[in-house]
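Asker: In UniProt numbering, the protein residues as written are 1 to 170. Even glycine gets a Cβ: it sits at the ideal position worked out from N, Cα and C. The structure displayed is predicted, hence computed values, not measured ones.
(1) For residue 109, does the count of other Cβ atoms within 10 angstroms reach 16, so buried, or fall short, so exposed?
(2) Using only the alpha-carbon positions, how far apart do residue 1 and residue 32 sit?
(3) For residue 142, count the other beta carbons within 10 Å of its own beta carbon; 16 or more makes it buried, fewer makes it exposed. Which is it?
(4) Give me the Cβ distance between residue 88 and residue 43, rounded to the nearest whole Å; I'm assuming they're in contact under 8 Å.
(5) Can you name, in chain order, every residue of its own chain whose Cβ lies under 6 Å from the Cβ of residue 12, other than the five neighbours on each side?
(6) Taking only three categories from DSSP, how would you classify residue 146?
(7) By the three-class DSSP mapping on this structure, what secondary structure does residue 125 have?
(8) Within 10 angstroms of its Cβ, does residue 62 collect 16 or more other Cβ (buried), or is it exposed?
(9) Return the CA-CA distance between residue 157 and residue 16, expressed in angstroms with no decimal places.
(10) Nearest to residue 120 by CA position, among 51, 53, 94, is which residue?
(11) Considering only C-alpha positions, which residue in the set 26, 39, 90 is nearest to residue 145?
(12) Under 8 Å by Cβ, that's how I've got residue 64 and residue 97 pegged, so tell me the actual separation to the nearest angstrom.
(13) Spatial neighbours of residue 149 within its chain, please: C-beta separation below 7 Å, excluding the five flanking residues on both sides.
(14) Return the CA-CA distance between residue 34 and residue 169, expressed in angstroms with no decimal places.
(15) Give the secondary structure of residue 163 by DSSP, where H, G and I count as helix, E and B as strand, and everything else as coil.
(16) Please determine if the stretch 72–80 and the stretch 46–61 are in contact, where contact requires at least 3 C-beta pairs separated by less than 8 Å.
(17) So what does residue 151 bridge to, in DSSP terms?
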């Protein structure tokens, strides 16, 4: 199924909204493994920008606006981790709202390559949130944000404990 979806994502092709939705849903289908998810996004890479763009998917804008409500002042000094960052849609939106100290985390090196080109992240981590300890010290971040990362084989619920560990109390 994944290869069929990838073939349908030719860069020159204008996808309908239904096709774009199905392309994104392929990465969170029931039974998919974490390795398959990472492989899918490594193959999709920058095509993700076409089918999950802000005109279709408003989640990154909503996530950034919500963060701005929680941090009405001194956004420039808040250290934020964008979890399951993908190509950096959330980071772009956060940066526009004054958040300048952004790090990103994603298991797909191809997605992180695209995110890096946006020049909004100071540091990146190519790893998964889940059962293993992240290579991040306790109480490092003022906040962690994730948009679309909590679904089948992406971030398991026990990943919340790890995120709580790396975010400062309060």
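Answerer: In short:
(1) Taking the first residue of the chain shown as position 1, residue 109 is located at position 109. So residue 109 counts as exposed.
(2) Along the chain shown, one-based indexing puts residue 1 at 1. Along the chain shown, one-based indexing puts residue 32 at 32. Note that residue 1 scores a pLDDT of 48, beneath 50, so its modelled location is shaky and nothing firm can be said.
(3) By 1-based counting over the chain shown, the position of residue 142 is 142. Result: buried.
(4) To locate residue 88, count along the chain shown from 1; it is residue 88. To locate residue 43, count along the chain shown from 1; it is residue 43. With 8 Å as the limit, residue 88 and residue 43 do not qualify as a contact, their Cβ atoms being about 18 Å apart.
(5) Taking the first residue of the chain shown as position 1, residue 12 is located at position 12. Below a pLDDT of 50, predicted positions are generally treated as unreliable, and residue 12, at 47, falls in that range; no measurement from the model is reported.
(6) For the purposes of this step, residue 146 is taken as residue 146 along the chain shown, with counting starting at 1. Reduced to three states, the DSSP call for residue 146 is strand.
(7) Along the chain shown, one-based indexing puts residue 125 at 125. Reduced to three states, the DSSP call for residue 125 is strand.
(8) As a first step, residue 62 must be located in the chain shown, where it is residue number 62. Classification for residue 62: exposed.
(9) Stepping through the chain shown from its first residue, residue 157 is reached at position 157. Stepping through the chain shown from its first residue, residue 16 is reached at position 16. Cα to Cα, the separation comes out at about 32 Å.
(10) As a first step, residue 120 must be located in the chain shown, where it is residue number 120. Of 51, 53, 94, the residue nearest in Cα terms is 94.
(11) Stepping through the chain shown from its first residue, residue 145 is reached at position 145. For residue 145, the nearest C-alpha among the options comes from 90.
(12) Start at 1 with the first residue of the chain shown, and residue 64 comes out as number 64. Start at 1 with the first residue of the chain shown, and residue 97 comes out as number 97. Their Cβ separation, rounded to whole angstroms, is 6 Å, which keeps residue 64 and residue 97 in contact under 8 Å.
(13) Counted from its first residue, the chain shown places residue 149 at position 149. For residue 149, where only same-chain residues beyond five positions count, the Cβ hits under 7 Å are 83, 84, 155.
(14) Here the question's residue 34 lines up with position 34 in the chain shown. Here the question's residue 169 lines up with position 169 in the chain shown. Distance between the alpha carbons of residue 34 and residue 169: 29 Å.
(15) One-based indexing of the chain shown puts residue 163 at position 163. Helix at residue 163.
(16) no
(17) Taking the chain shown and counting its residues from 1, the one referred to as residue 151 is at position 151. Per DSSP, none; premise fails for residue 151.
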